[in-house]
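Taken in order, the sequence shown gives residues 1 to 482; the numbers are from the working numbering.
Below is one structure, written out as structure tokens, with a few remarks after it.
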Amino acid sequence: MKRIFAFALAAACLLFLLPVTACGGGQNERDAYRICAEYEEGVLSAEMQFSHTNGTGEPLSFLEFNLFGNAYREDAAFRPVSDAFSAAAYYAGESYGGMEILSVSPCAAWEVCGQDENVLRVQLARPLRPGERTDVSVSWTLELARVEHRTGIAERAVNLGNFYPVLCVLEGGEFYECEYYADGDPFYSACADYFLSFRADADYTLAASGRILSAEEEEGTKKTYTLELYGARDLALVLSKEFSVAQGEACGAQVMYYYYDDPAPARSLALAEESLTYFSEMFGSYPYPVFSAVQTGFAVGGMEYPALVMIGDHLTGVDRAYTLVHEAAHQWWYAAVGSNQLEHAWMDEGLAEYSAALFFDAHDGYGLTEEGLCAAAERAYRAFYSVQEQIFGRADTAMDKKLGEYLSEYQYVVLAYNKGMLLFRTLRQTFGDKKFFAALRRYYADLAGGIASPQDLVLSFKRAGADASGILRSFADGSAVL
Ligand SMILES: [Zn+2]
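Structure (structure tokens):
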């Protein structure tokens, strides 16, 4: 059934996939994902035409893509949900899914490989010369587990995060393969342009990254949407038959709030608008034409994607407000300014936490202040330090760990979020508001659309007249005394 369905999909999508693919060449041309997908009864069937320019100085003989959806299969070595959240996430008991690649063309060969069947490796038909552009078509199916997580069927919605093959970042001549660690966000990708055609039952409402250009209904049974998003490092969708929609505007962007259980949706929409306005003023303009805040089943709390954030439907009151603001801050730190979240999770989590603290300090009505939030982070950090010392004789507080090196979700949260937040408070206290905010504005202006390293952060502070290298190093390697 899957293959027959995939063939029908390919025929229907031919017009969408073929005509607009850019083939201009040029080293700075962004990659493009043209995706045609259909969702039906727990299975996404899709085809994409991926356009890639070889931006390196060497010929490229193959491409690699991360297959994040494969982490949900039964025999996965890396489980996508940590033990702490499994019971809440798998609301219907154990459930599995997975991604099946059906075809790749043109190519010399392809295989699903990596440490955990998490990588699609495509041997190109001929080596791609520096500056040359090529198109590769991939078709696949994604079966969804019943899980309240990034990719899965939640109780009241369907989450389609990380639903397509994502090109691995080429780093030092090698493609960086992402294993799906349960602690943290194991995603690392470059910015690209997206063009999506998406078909589903007409009674679903679609929340999406990007601007929905059209929605055509066929005889009341199916609806086909087209949308686009430029210069984003990911694309996510959420479907629900229960969504109500509130719509507003901030900083020239359309602000959407999709919800099914919120006693004060106008307040949540206003909070989303206020977040975009505040962060735009503090750090630089919001980079997308749309921002969608989406209430859905997401057991871990909230999840950021470019132009879309998932807010767990179990959250209420201040917890929901805090999560919304934290995820909105990720539009600056993660979505626009990217980083390698598998190796420097503190870069975007610490900055999103501190940005949220700044927001609440400037907005009354939530009972939250920068001082109070930082004090809570400090208490959490000290408690962790004391427990570590008692158990191990020493506390390992190095922040610059790979996701696989964290001993627990607890350690990850304390070091990436709490200590990360305290790092940015320390930088602000040390250098003063003028240099601190100038450095963050510099960081955003220089690196939005790109990928930042810890050294880039040091450089941004240097350009603002502050030598942050010692503080950053001591926090990262664990030698800082807090
Ligand atoms: Zn976060």
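Heads up, the beta-carbon is just placed ideally off N, CA and C, and yes, glycines get one too.
| Query | Result |
| --- | --- |
| Proximity to S468 [Cα-Cα], best of L447, T426, S197 | Just to set this straight, residue 468 is Ala in the shown sequence, not Ser. The shortest Cα separation from A468 among L447, T426, S197 belongs to T426. |
| Whether F283 touches A307 by CB criterion (8 Å) | no |
| Per DSSP, cross-strand counterpart(s) of M303 | M310 |
| Bridge-paired residues (DSSP) for L170 | F175 |
| Inter-residue spacing [alpha-carbon to alpha-carbon] between E216 and E228 | 16 Å |
| Cβ distance (whole Å) where A416 is taken to contact G350 below 8 Å | 7 Å |
| Identified DSSP bridge partners for S139 | E47, S103 |
| 6 Å CB neighbourhood of L142 in its chain, flanking five on each side removed | L44, G69, M99, F163 |
| Beta strand (DSSP E) segment containing Q295, residue limits | 290-296 |
| Cut-off 7 Å between Cβ atoms - residues of its own chain near F359, not counting five sequence neighbours on either side | S275, Y278, V325 |
| Secondary structure, alpha helix (DSSP H): runs of 4+ residues fully inside the region 226-302 | 265-283 |
| Nonlocal neighbours in the same chain, by C-beta distance under 7 Å from E219, ignoring five residues either side | none |
| Cross-strand partners of E217 (DSSP beta bridge) | K223 |
| Distance cut-off 7 Å: E349 Cβ against heavy atoms of ligand 1 | yes |
| Buried/exposed call for A264, threshold 16 Cβ in 10 Å | exposed |
| Three-state secondary structure assigned by DSSP to Q123 | strand |
| Alpha carbon of A270 to alpha carbon of K223, nearest angstrom | 29 Å |
| Neighbour-count burial assignment, I391, 16 or more Cβ in a 10 Å radius | exposed |
| Cutoff 7 Å; reference T369; Cβ partners in own chain excluding five residues on either side | F360, D361 |
| Per-residue burial, Q429 [other beta carbons within 10 Å of its own, 16 or more giving buried] | exposed |
| Own chain residues within Cβ distance below 6 Å of G449, not counting five before or after | C191, G231 |
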